[in-house]
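Q: In the numbering used here, the protein residues as written are 433 to 630. Even for Gly, the Cβ is constructed at its ideal location relative to N, Cα and C. The structure displayed is predicted, hence computed values, not measured ones. Sharing a structure below in structure tokens format, with a few things to ask.
Listed below in structure tokens is the structure:
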């Protein structure tokens, strides 16, 4: 009688153990199926629209393409007709002053004008060149991204204050909450693009 009870207990333990293995394998299979689905969703959320232009100008101006994709996504969500409350326009949301500054620094004597900023190729070329200029001027990606959003004048003012920058070159604190939000979103999007497409 005792022996039968022990056998039954062993059989029950084996059954439970086999069920546990089955459940673990099933969960693993579900996660394996979810992973590609999740990646597919992320690729829809973080597309590489206007890839031809972004790849071309990021290579030409030596700017990380993931940064250009990230800025374009956060600035306009790839809408070439986007206009902000500050009248920044196009895919990379440039103001007329920024456009004129970039055109001058490029030494561009062509007939391209600010009216052409809604053209994806123009917006990406000028926006990417602006990122190159800001990266060169600041020597720091975080500062360059903040400058793209808030302007070099504001960022230089922050860098001159110990409350925001201990060394005058990097930002320890971003005083504008919208610029802090912007920097965090661009940095996050850049990392997502890097993981998805590198």
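By how many angstroms is the C-alpha of residue 562 removed from the C-alpha of residue 465?
A: Translated into the one-based positions of the chain shown, residue 465 becomes position 33. Translated into the one-based positions of the chain shown, residue 562 becomes position 130. With a pLDDT of 43 at residue 465, under the threshold of 50, the modelled position of that residue is not reliable, and no figure is offered here.
Q: Can you tell which of 487, 577, 542 has its C-alpha closest to the C-alpha of residue 620?
A: Here residue 620 is taken as the residue at index 188 of the chain shown, counted from 1. Checked all of 487, 577, 542; the closest Cα to residue 620 is 577.
Q: The alpha helix (DSSP H) spanning residue 552 covers which residue range?
A: Position 120 of the chain shown, counting from 1, holds the residue named residue 552. Run containing residue 552: 552–570, per the alpha helix (DSSP H) assignment.
Q: How big is the Cα-Cα spacing for residue 623 and residue 475?
A: Residue mapping note: residue 623 aligns to position 191 of the chain shown, counting from 1. Residue mapping note: residue 475 aligns to position 43 of the chain shown, counting from 1. Straight-line Cα distance between these residues: approximately 13 Å.
Q: Among 574, 567, 500, 573, which residue has its Cα nearest to the Cα of residue 553?
A: Taking the chain shown and counting its residues from 1, one reaches residue 553 at position 121. Cα-wise, what sits closest to residue 553 is 500.
Q: Would you check if there are 3 or more beta carbon pairs closer than 8 Å linking the stretch 529–542 to the stretch 509–517?
A: No, the stretch 529–542 is not in contact with the stretch 509–517.
Q: Taking DSSP as the reference, what is the three-state secondary structure of residue 515?
A: The sequence position of residue 515 within the chain shown is 83, counting from 1. Three-state DSSP puts residue 515 in a strand.
Q: Indicate the three-state DSSP secondary structure (helix, strand or coil) for residue 524 in the structure shown.
A: Within the chain shown, numbered from 1, the residue matching residue 524 stands at position 92. The answer is coil: DSSP assigns residue 524 none of H, G, I, E or B.
Q: DSSP state of residue 480, grouped into three classes?
A: Along the chain shown, read from residue 1 onward, the residue named residue 480 stands at position 48. Reduced to three states, the DSSP call for residue 480 is coil.
Q: Which first and last residues belong to the alpha helix (DSSP H) in which residue 611 is found?
A: Residue 611 sits at position 179 when you count from the first residue of the chain shown. Element bounds for residue 611: 609–629.
Q: Residue 495 by DSSP, collapsed to three states: which one?
A: Along the chain shown, read from residue 1 onward, the residue named residue 495 stands at position 63. Reduced to three states, the DSSP call for residue 495 is coil.
Q: So residue 573 is in the alpha helix (DSSP H); what residue range does that whole segment cover?
A: As a working mapping, residue 573 is identified with position 141 in the chain shown. Run containing residue 573: 573–582, per the alpha helix (DSSP H) assignment.
Q: Keeping to the same chain, check which residues put their C-beta closer than 8 Å to that of residue 627; ignore five residues upstream and five downstream.
A: Taking the first residue of the chain shown as 1, we reach residue 627 at position 195. None.
Q: Within its chain, find whatever has a CB closer than 7 Å to the CB of residue 570; leave out the 5 residues flanking it on each side and keep chain order.
A: Locating residue 570 in the chain shown gives position 138, where the first residue counts as 1. Taken in chain order, the residues that qualify are 576, 579.
Q: Closest by CA to residue 477, which one among 496, 534, 504, 486?
A: Working through the chain shown from its first residue, we reach residue 477 at position 45. Among 496, 534, 504, 486, the Cα nearest to that of residue 477 is on 504.
Q: Should residue 625 be labelled buried (16 or more other beta-carbon atoms within 10 Å of its own) or exposed?
A: Here residue 625 refers to the residue found at position 193 of the chain shown. Under this definition residue 625 is a buried residue.
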